[in-house]
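Peer 1: One structure, pasted below without further comment.
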Amino acid sequence: MNAPQRIRLGDLLTQEGLIRPEQLTEALSLQKATGRKLGRIFVDNGWVTEAQIAKTVARQLRVPYQDLSDTVVRPDAVRALPEGLARRMRAMVLESDALGARVAMGDPTDIAAFDEIARLLKKDVQLVAVSESQLLALIDRSYTLGEDIGSLAKELTSELGAVEDELGELLGLNTAGAEDAPVVRLLQSVFEEALRKRASDIHIEPQERSLRIRFRIDGVLQVQTEADAKISTAVALRLKLMSGLDISERRLPQDGRFHVKLRNSSVDVRISTMPTQHGESVVMRLLNQSTGLLHLDGLSLPRHVKEAIGRAIERPSGMFLVTGPTGSGKTTTLYATLNALNNTERKIITVEDPVEYRLPGLNQVQVHEKIDLSFERVLRAALRQDPDVVLVGEMRDQVTAEVGLRAAMTGHLVLSTLHTNDAVSTPIRLLDMGVPRYMVALSLHLVLAQRLVRTICTHCAQAHEPTPQEHAWFEANGESLVGATLKRGRGCVHCSDTGYSGRTGVYEFLEMDQGLITALNRGDNEEFTRLGRAQMKGNNLRHDALRLVKDGRTTLEEALRVSTAVDEL
1 MNAPQRIRLG DLLTQEGLIR PEQLTEALSL QKATGRKLGR IFVDNGWVTE AQIAKTVARQ
61 LRVPYQDLSD TVVRPDAVRA LPEGLARRMR AMVLESDALG ARVAMGDPTD IAAFDEIARL
121 LKKDVQLVAV SESQLLALID RSYTLGEDIG SLAKELTSEL GAVEDELGEL LGLNTAGAED
181 APVVRLLQSV FEEALRKRAS DIHIEPQERS LRIRFRIDGV LQVQTEADAK ISTAVALRLK
241 LMSGLDISER RLPQDGRFHV KLRNSSVDVR ISTMPTQHGE SVVMRLLNQS TGLLHLDGLS
301 LPRHVKEAIG RAIERPSGMF LVTGPTGSGK TTTLYATLNA LNNTERKIIT VEDPVEYRLP
361 GLNQVQVHEK IDLSFERVLR AALRQDPDVV LVGEMRDQVT AEVGLRAAMT GHLVLSTLHT
421 NDAVSTPIRL LDMGVPRYMV ALSLHLVLAQ RLVRTICTHC AQAHEPTPQE HAWFEANGES
481 LVGATLKRGR GCVHCSDTGY SGRTGVYEFL EMDQGLITAL NRGDNEEFTR LGRAQMKGNN
541 LRHDALRLVK DGRTTLEEAL RVSTAVDEL
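Below is the structure:
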């Protein structure tokens, strides 16, 4: 058992030449004034890195140093230390067997922590020095709050029993200790786990005998826990209180919004409730305000797509539409475009329902149908505010579309979204809504259609040999696999054994040229569609998805998932 020794970190780093004596003196003064750890002061001031500190301490203690950036640990080894203890002591079990345990510590000189770990594990402990930030990231990846959520749900069930009439008292809604109520701690754990797993939505669904909690991660729903059905009402009630909804109304759907702060993140939550046979179903969309707003350069747009958007927004007027189903990233693309347009020389007004992102410098208006603050009414008022750029959250009806297109004809740059399958069908969809042909032909400049595909987890990606069926499918679509690097994720702790981690966009765009405008004005929809598909040949959604497959960034199954919806392959 390689027990730690007491060492003076400042003296050790000075001896190694990593910091100067005057820096040590300054750090000691800061430590005395703030109580912060000496090593953290060194790192925050940029004098040394965490890795340099860990390696130096490892040499002094004669213990190994390990880079944890790509480390994957077994769940049974991790569970040897409770998560709370692991975080408090900045320690984690990397390996464990009958002979001993290999434990990573952010501070290998912490004798008290080492003694407590050894006492708890009851076996020989071999220390490993690691970077503290890498260790905390590995703890986040390796521990799951699923068991914690389950235990809190059981605690809430036992506390509620079969009583419903005294929910306010049982939930601590009228007491000073409300934050300690089981339902509050349960929801906090649910939100923390959703944030850790990068979930976009939380689904709380009452079933006949259980309450199912699911997360939508990278566009796919995953079950997190099943709890007793008795807690359904308590959970729905607390969420409705948080969002200011009517807690006495359980027969009608309701929509709301609230804000939560979790660890270092600030999250806006959009909530929708709907009465079902077994209780109120609740769906929450999570908008993490702490991640910052993406720029066009951060969207991984193909160069020809980025150039097309650049040409569209360089114009002083006209309409740029982004299309696709719900959850395809339309709003993200539009806000990245607004970010590129946002400067002190332009007045930008957005008309949205709801306002999903808050961007400084913009004049953002929330539509409120209950008080007759509709898209049409706000848009007409916005045009009297002398804007240069107008964002309309969605072209929902004929009137809104006509007002938006007329604004684009009269010197405004208008950005909006529309729910269509592909780029070519978008102008025709506007005509089907009753918009005059001349408006569409004169005002619409660019249509961008997009989808999101899951990307292969980089931590468990491995080469994939294409099957004969895959070869045949690529050839049938005019693509060759010569020089391709197909990959597949085998599943690991980083991706929750799915093989996928994160998403990226696939795109196609249609630019309104003279041929398309003429066909549209003539009312020849067939010719318009033929010309549009010819313009996008080789650069449509399907081919863009296949390029990602050939580059080893996604799988053929994902490419088929997005392209089948468009082309019915």
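Under the UniProt record's numbering, think of the first position of the sequence shown as 1, with each following residue one higher. Note that CB positions come from ideal geometry on N, CA and C, so glycine has one too.
1) Can you grab the Cα-Cα spacing for the pair G404 / L379, in whole Å?
2) Excluding sequence positions up to five away, which residues of its chain have a Cβ less than 8 Å from the Cβ of A407?
3) Under 7 Å Cβ to Cβ from G256, same chain only, skipping five residues before and after it: list those, please.
4) Since P468 is in the alpha helix (DSSP H), which residue starts that stretch and which ends it?
5) Can you tell me where the alpha helix (DSSP H) holding I139 begins and where it ends?
6) Can you have a look at Q450 and say buried or exposed, based on whether 16 or more other CB atoms are within 10 angstroms of its CB?
7) Would you please verify whether the beta carbon of R59 is less than 8 Å from any beta carbon of chain B?
8) Considering just the uninterrupted stretch of the beta strand (DSSP E) at T49, what are its terminal residues?
9) Quick one: what's got a C-beta closer than 6 Å to Q469's C-beta in the same chain, skipping five residues either side?
10) Can you tell me where the beta strand (DSSP E) with Y500 in it begins and where it stops?
11) Check whether the Cβ atoms of L334 and I348 lie closer than 8 Å to each other.
12) In terms of alpha-carbon separation, which member of L241, L286, D140 lies closest to V183?
13) Expressed to the nearest angstrom, what Euclidean distance is found between the alpha-carbon atoms of L85 and V78?
14) Which same chain residues end up closer than 8 Å to L30 when comparing Cβ atoms and leaving out the 5 residues on each side of it in sequence?
15) Hey, quick one: how far does the alpha helix (DSSP H) through I41 stretch, first residue to last?
16) Is DSSP giving P21 helix, strand or coil here?
17) To which residues of the same chain is N540 closer than 7 Å at the C-beta, ignoring the five residues directly before and after it?
18) Roughly how many angstroms separate the alpha carbons of Q126 and C460, rounded to a whole number?
19) Considering only C-alpha positions, which residue in the set L9, G310, N288 is nearest to D297?
20) If we ignore side chains and look at the alpha-carbon of each, how far apart do R216 and G393 end up?
21) Confirm, please, whether the CB-CB distance from D124 to L94 is below 8 Å.
22) Per DSSP, what are the beta-bridge partners of N363 in this structure?
23) Helix, strand or coil for V283, going by three-state DSSP, please let me know.
24) Measure the C-alpha to C-alpha separation of K122 and I456 and round it to an integer number of angstroms.
25) Tell me which same chain residues have a C-beta within less than 6 Å of the C-beta of E83, skipping the five on either side of it?
26) Would the segment 436 to 451 and the segment 511 to 527 be scored as touching if the rule is three or more Cβ pairs under 8 Å?
27) If contact is defined by three or more beta carbon pairs under 8 Å, each pair taking one atom from either stretch, is the segment 51 to 64 in contact with the segment 110 to 120?
28) Helix, strand or coil for T344? Go by DSSP, reduced to three states.
29) Just how far apart, CA to CA, sit I111 and R90?
30) A519: buried (16+ other C-beta within 10 angstroms of its C-beta) or exposed?
31) If we call anything under 8 Å between Cβ atoms a contact, is I247 one with L262?
32) Going by the beta-carbon positions, is the gap between D388 and R346 smaller than 8 Å?
33) Hey, L548 and T498: beta-carbon distance below 8 Å or not?
34) Report the partner residues of L127 according to the DSSP bridge assignment.
35) Would you mind reading off the limits of the beta strand (DSSP E) that contains A461?
36) Since I believe H445 is in contact with R315 (beta carbons under 8 Å), could you give me their beta-carbon distance rounded to a whole number of angstroms?
Peer 2: This is what the structure gives:
1) 8 Å
2) L379, L383, V390, V414
3) S243, G244, L245, I271
4) 468 to 476
5) 132 to 142
6) buried
7) Any reference to chain B falls outside this structure, which holds one protein chain only.
8) Per DSSP, T49 belongs to no beta strand (DSSP E) and is neither H nor E.
9) none
10) 500 to 511
11) no
12) L241
13) 12 Å
14) R36, I41
15) 38 to 44
16) helix
17) E508
18) 27 Å
19) G310
20) 23 Å
21) no
22) I349
23) strand
24) 40 Å
25) Y143
26) yes
27) no
28) coil
29) 13 Å
30) buried
31) no
32) yes
33) no
34) V103
35) 461 to 463
36) 6 Å
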